[in-house]
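Novice: Structure provided below as structure tokens; questions to follow.
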Amino acid sequence: DTGVSQDPRHKITKRGQNVTFRCDPISEHNRLYWYRQTLGQGPEFLTYFQNEAQLEKSRLLSDRFSAERPKGSFSTLEIQRTEQGDSAMYLCASSQGSDQPQHFGDGTRLSIL
Amino acid sequence: EDQVTQSPEALRLQEGESSSLNCSYTVSGLRGLFWYRQDPGKGPEFLFTLYSAGEEKEKERLKATLTKKESFLHITAPKPEDSATYLCAVQAAYGGSQGNLIFGKGTKLSVKP
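Chains as they are written, first to last, in my numbering: chain B, 20 to 132; chain H, 2 to 114.
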């Protein structure tokens, strides 16, 4: 069990640029989740997939955000035209089914200059 | 609206000084309550899942309990390595947010030797 892997660990970009993050879940897990966490706050839900289907999106997920899980394995989260307010830790989690615990990766920290 | 409130925000203990962390929740039907530990710069690490009032789970110096309105994380004779932020999260059984976890802001625990 290699755990949930996220890449890159850190990303620094200029305002207005596009960024893409990758998440590799635990191999047998069919559910994959994206969360965002800012300093002093708990993680906030963004979206989740069951296999390749995106089943739920938060109101936090503006039109500039898009997530994919094309083959039901790894997932990508893209942010277009980044803004200062997008600076946060982006966390990915996976689980084996809806009632099982979600296991988190160590996140991608995004800093917008 | 589903929400989770954790108290205190921060807790400083001497090594060996037992205490409890509180998690109060409001949710449209509880599917599960989860406790996580988060170290700086890392993703949340799963500790416990509780599903019904009266349930208890234990792991080393930690014990989690659940009532219909709140959960407690009891820490017995803590050690400095227990220092971390402890996050509580709930999963709703009904409504549009059944897939995701709703987190509190966490309790930052510091244990001094």
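We put the CB at the ideal spot given by N, CA and C, even for glycine.
This structure is a prediction, so every number in the text was calculated from the model and none was measured.
(1) Against B:Glu-75, what residues of chain H qualify as contacts under a CB-to-CB distance less than 7 Å, listed in chain order?
(2) Which same chain residues end up closer than 6 Å to H:Lys-64 when comparing Cβ atoms and leaving out the 5 residues on each side of it in sequence?
(3) Alpha carbon to alpha carbon, how far is H:Tyr-87 from H:Ser-53?
(4) For the stretch 45 to 62 of chain H, enumerate the residues whose C-beta is nearer than 8 Å to any C-beta of chain B, in chain order.
(5) In whole angstroms, what is the alpha-carbon distance linking B:Ser-92 and B:Tyr-54?
(6) The beta strand (DSSP E) that contains H:Tyr-37, what's its start and end?
(7) H:Asn-23 lies in the beta strand (DSSP E); which residues open and close that run?
(8) Report yes if the CB atom of H:Ser-25 is closer than 7 Å to the CB atom of H:Thr-6, and no otherwise.
(9) What residues match up with H:Asp-3 in a beta bridge as DSSP calls it?
(10) Going along chain B in order, which residues have a C-beta closer than 9 Å to the C-beta of H:Leu-88?
(11) Where do the ends of the beta strand (DSSP E) carrying H:His-75 lie?
(12) Is B:Pro-120 close to chain H? Criterion is C-beta to C-beta, closer than 7 Å.
(13) H:Glu-71: which of H:Pro-41, H:Glu-61 and H:Glu-57 sits nearest, CA to CA?
(14) Below 9 Å between beta carbons is the criterion; list the residues of the stretch 33 to 60 of chain B that meet it against any residue of chain H, in chain order.
(15) Hey, how far is the Cα of H:Ala-94 from the Cα of H:Lys-69?
(16) Counting only the same chain and skipping the five closest in sequence on each side, list residues whose C-beta sits under 6 Å from that of B:Asp-43.
(17) Taking C-beta pairs closer than 9 Å, name the residues in chain B that H:Gly-107 reaches, listed in chain order.
(18) Less than 7 Å separating the beta-carbons of B:His-122 and B:Ser-113?
(19) Run through chain H and tell me which residues come within less than 7 Å of B:Leu-67, C-beta to C-beta.
(20) Going along the chain, which residues of its own chain have a beta-carbon closer than 7 Å to the beta-carbon of H:Ala-125, five neighbours each way excluded?
Specialist: This is what the structure gives:
(1) Locating residue 75 of chain B in the first sequence gives position 56, where the first residue counts as 1. Ordered by position in chain H, the residues that pass the 7 Å Cβ test against B:Glu-75 are Gly-100 and Asn-101.
(2) By one-based count along the second sequence, residue 64 of chain H stands at place 63. Once the five neighbours on either side are set aside, the close Cβ partners of H:Lys-64 are His-75.
(3) Stepping through the second sequence from its first residue, residue 87 of chain H is reached at position 86. Stepping through the second sequence from its first residue, residue 53 of chain H is reached at position 52. If you take the alpha carbons of H:Tyr-87 and H:Ser-53, they lie about 20 Å apart.
(4) Pro-45, Glu-46, Phe-47 and Thr-50
(5) To locate residue 92 of chain B, count along the first sequence from 1; it is residue 73. To locate residue 54 of chain B, count along the first sequence from 1; it is residue 35. Going from the Cα of B:Ser-92 to the Cα of B:Tyr-54 covers about 18 Å.
(6) Within the second sequence, the letter at position 36 stands for residue 37 of chain H. Looking at the DSSP string, the run of the beta strand (DSSP E) that includes H:Tyr-37 is 31 to 39.
(7) Counting from one through the second sequence, the residue named residue 23 of chain H turns up at place 22. From DSSP, the beta strand (DSSP E) with H:Asn-23 extends over 20 to 27.
(8) For this step, residue 25 of chain H is matched to residue 24 along the second sequence. For this step, residue 6 of chain H is matched to residue 5 along the second sequence. Contact flag set, yes.
(9) Start at 1 with the first residue of the second sequence, and residue 3 of chain H comes out as number 2. According to DSSP, H:Asp-3 bridges with nothing at all.
(10) Numbered from its first residue, the second sequence carries residue 88 of chain H at position 87. Near H:Leu-88 (Cβ distances below 9 Å), the residues of chain B are Gly-61 and Pro-62.
(11) Within the second sequence, the letter at position 74 stands for residue 75 of chain H. Unbroken beta strand (DSSP E) run through H:His-75: 71 to 76.
(12) Walking along the first sequence from the start, residue 120 of chain B turns up at place 101. Output row for B:Pro-120: interface = yes.
(13) In the second sequence, residue 71 of chain H corresponds to position 70, counting from 1. Residue H:Glu-57 is the option with its Cα nearest to H:Glu-71.
(14) Arg-50, Tyr-52, Tyr-54, Gln-56, Gly-59 and Gln-60
(15) To locate residue 94 of chain H, count along the second sequence from 1; it is residue 93. To locate residue 69 of chain H, count along the second sequence from 1; it is residue 68. Approximately 14 Å between the Cα atoms of the pair.
(16) Within the first sequence, numbered from 1, the residue matching residue 43 of chain B stands at position 24. So the list reads Ser-24 and Phe-93, once near-sequence residues are dropped.
(17) For this step, residue 107 of chain H is matched to residue 106 along the second sequence. In chain order: Gly-59, Gln-60 and Gly-61.
(18) One-based indexing of the first sequence puts residue 122 of chain B at position 103. One-based indexing of the first sequence puts residue 113 of chain B at position 94. Yes, these two residues count as a Cβ contact at 7 Å.
(19) On the first sequence, position 48 is the one that residue 67 of chain B refers to. Checking the displayed sequence, the identity of residue 67 of chain B turns out to be Tyr instead of Leu. Within chain H, the residues near B:Tyr-67 are Gly-100 and Asn-101.
(20) No answer is possible for residue 125 of chain H: the residues shown for chain H start at 2 and end at 114.
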